[in-house]
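These notes are about the structure you will find just below.
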Amino acid sequence: MPEIIKVQNLIKTYKGITAVDDISFDVHEGEIFGMVGPNGAGKTTTIECIEGLRKPDSGTIRVLNLDPQADNKMLRTRVGMQLQQSNLPDRMKVWEALDLYSAFYETPVDWKNLLKQLGLEEKRDARFGKLSGGQKQRLFIALALLPNPNLVFLDELTTGLDPQARHTIWDLVRSVRDQGKTIYLTTHFMEEAERLCDRVAILDHGKIVALDTPRALIGKLAQHERVSFTLDVSITQEIQNALSVLGKLEVQGDRLTVIGKSTDATQLVTGLVNILSGLALRYSDLRTEQPTLEDVFLDLTGRKIRE
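Each residue of the sequence shown is one higher than the last, beginning at 128 in the numbering used here.
Structural data, given as structure tokens:
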């Protein structure tokens with residue numbers, strides 16, 4: 128599959144702090160590629176280097192076989208970049224924004240068709256400041272699609288949206304991919320990456336700690352059974368020490384998850400019940416769980432993505 132983006136040994140520092148630490152990856156034509164990680168991991172710096180908005184300290188980047196620095200003018204006619212909310216004045220109308228940004232391109236698509244495609248026809252004359260969060264993000268997608276790009280960049284697209292609006296945006300992103308476009312998105316929502324992306328790079332402290340399909344990343348973790356349950360007492364260190372012989376522990380409030388050392392769920396549950404009975408502890412809501420991309424991040428880094 129042709130490479131739309133190729134990044135090799137990218138390094139970017141700010142005042143002695145390494146934001147992006149010698150990362151290499153490529154993005155294939157027609158895929159939704161996700162760069163995921165917590166805030167401050169280096170996701171936005173990476174995307175800005177790829178877009179040509181920041182100059183790397185070292186490393187090479189090619190986008191559509193072009194250098195984002197040397198060929199920036201040519202590249203901007205072939206890629207779509209999502210605006211940040213602060214780039215549009217509150218009093219600007221939806222149609223005015225689309226009409227204005229259309230003038231930046233030699234052969235823009237008809238923005239009236241984009242309004243229809245993205246469900247914004249009824250908001251044609253609405254002012255930007257009066258739009259809901261989901262409507263603003265749909266407008267940003269429309270603006271990114273104006274040059275009829277081969278490649279679309281979306282940076283933290285659903286931050287601040289409620290679950291329903293987020294799912295609507297996911298459907299729109301899939302529809303853009305289905306038009307044959309390649310999408311590079313950054314997000315700190317692991318569920319978003321798991322649901323949307325064909326491949327995912329997990330970034331932490333400026334380094335890529337894993338890169339594969341969500342299914343493959345989760346599959347590696349699924350080699351270990353997971354059982355969660357609730358105790359009717361505080362989870363003390365003594366309890367954790369007793370249960371640690373079964374595997375890795377995760378504690379969240381009064382709920383505890385045991386990640387076993389094998390794929391034998393029956394053996395794990397039996398061992399768990401025996402230990403709890405030996406400690407005279409009462410438990411409830413015991414169930415086996417399937418791992419998620421969030422669990423992959425925890426396994427790789429030792430912490431949750433929002434800590």
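We treat Cβ as the ideally placed atom computed from N, Cα and C, and that holds for glycine.
Computed from a predicted structure; not experimentally measured.
Rounded to the nearest angstrom, what separates residue i and residue j at their Cα positions?
i, j, result
"isoleucine 150", "valine 336", "10 Å"
"leucine 201", "glutamine 291", "Residue 201 is actually methionine in this sequence, not leucine. Going from the Cα of methionine 201 to the Cα of glutamine 291 covers about 37 Å."
"histidine 294", "asparagine 192", "33 Å"
"glutamate 130", "phenylalanine 160", "12 Å"
"glutamate 283", "proline 235", "25 Å"
"glycine 157", "arginine 322", "16 Å"
"alanine 253", "tryptophan 238", "15 Å"
"aspartate 285", "valine 154", "In the sequence on display, residue 285 carries threonine and not aspartate. Cα-Cα distance, rounded: 21 Å."
"leucine 341", "valine 327", "According to the sequence displayed, residue 341 carries proline and not leucine. Approximately 6 Å between the Cα atoms of the pair."
"tryptophan 297", "glutamine 367", "39 Å"
"glycine 387", "serine 361", "22 Å"
"threonine 172", "leucine 242", "31 Å"
"glutamine 379", "alanine 369", "17 Å"
"aspartate 226", "alanine 269", "11 Å"
"leucine 215", "phenylalanine 255", "7 Å"
"threonine 314", "serine 404", "43 Å"
"leucine 93", "tyrosine 141", "No information on residue 93 is available, as it lies outside the stretch 128 to 434 that the chain covers here."
"aspartate 426", "glutamate 377", "11 Å"
"glycine 333", "glutamine 196", "21 Å"
"asparagine 199", "leucine 210", "17 Å"
"alanine 392", "serine 411", "17 Å"
"lysine 133", "leucine 312", "15 Å"
"leucine 383", "aspartate 325", "31 Å"
In this structure, does DSSP put residue i in helix, strand or coil?
i, result
"alanine 337", "strand"
"methionine 317", "helix"
"glutamine 364", "helix"
"glutamine 379", "strand"
"leucine 373", "helix"
"arginine 251", "coil"
"lysine 200", "helix"
"alanine 343", "helix"
"leucine 266", "helix"
"glutamate 223", "helix"
"tyrosine 228", "helix"
"glycine 186", "strand"
"valine 206", "strand"
"arginine 293", "helix"
"leucine 245", "coil"
"leucine 330", "strand"
"glutamate 416", "strand"
Check the C-beta distance from residue i over to residue j and give it rounded, since I have them as a contact under 8 Å.
i, j, result
"leucine 413", "leucine 395", "Not a contact, Cβ separation roughly 11 Å."
"threonine 152", "methionine 317", "Residue identity differs from the one stated: residue 152 is phenylalanine in this sequence, not threonine. Wrong, their Cβ atoms sit about 18 Å apart, outside the cutoff."
"alanine 266", "alanine 224", "In the sequence under discussion, the amino acid at residue 266 is leucine, which differs from the alanine named in the question. With a Cβ gap of about 7 Å, leucine 266 and alanine 224 count as contacting."
"glutamate 416", "serine 355", "6 Å"
"isoleucine 329", "glycine 164", "6 Å"
"methionine 208", "alanine 146", "Incorrect: roughly 20 Å between the Cβ atoms, too far for contact."
"leucine 273", "serine 229", "6 Å"
"glutamate 365", "threonine 390", "The Cβ separation is near 28 Å, so there is no contact."
Could you confirm whether any beta carbon from chain B is found closer than 7 Å to the beta carbon of residue i?
i, result
"isoleucine 335", "No chain B appears in the structure shown, which is made up of a single protein chain."
* Kindly confirm or deny that the segment 266-285 and the segment 298-314 touch, where touching means at least three C-beta pairs closer than 8 Å. => yes
* Mind listing, in chain order, the continuous beta strand (DSSP E) runs of no fewer than 3 residues lying wholly within the segment 131-181? => 144-155, 159-163
* Inter-stretch contact (C-beta, 8 Å, three-pair minimum) for the segment 254-263 and the segment 181-196 -> no
* To do: Would you check if the segment 137-151 and the segment 171-187 touch, i.e. whether three or more CB-CB distances between them fall below 8 Å?
  => yes
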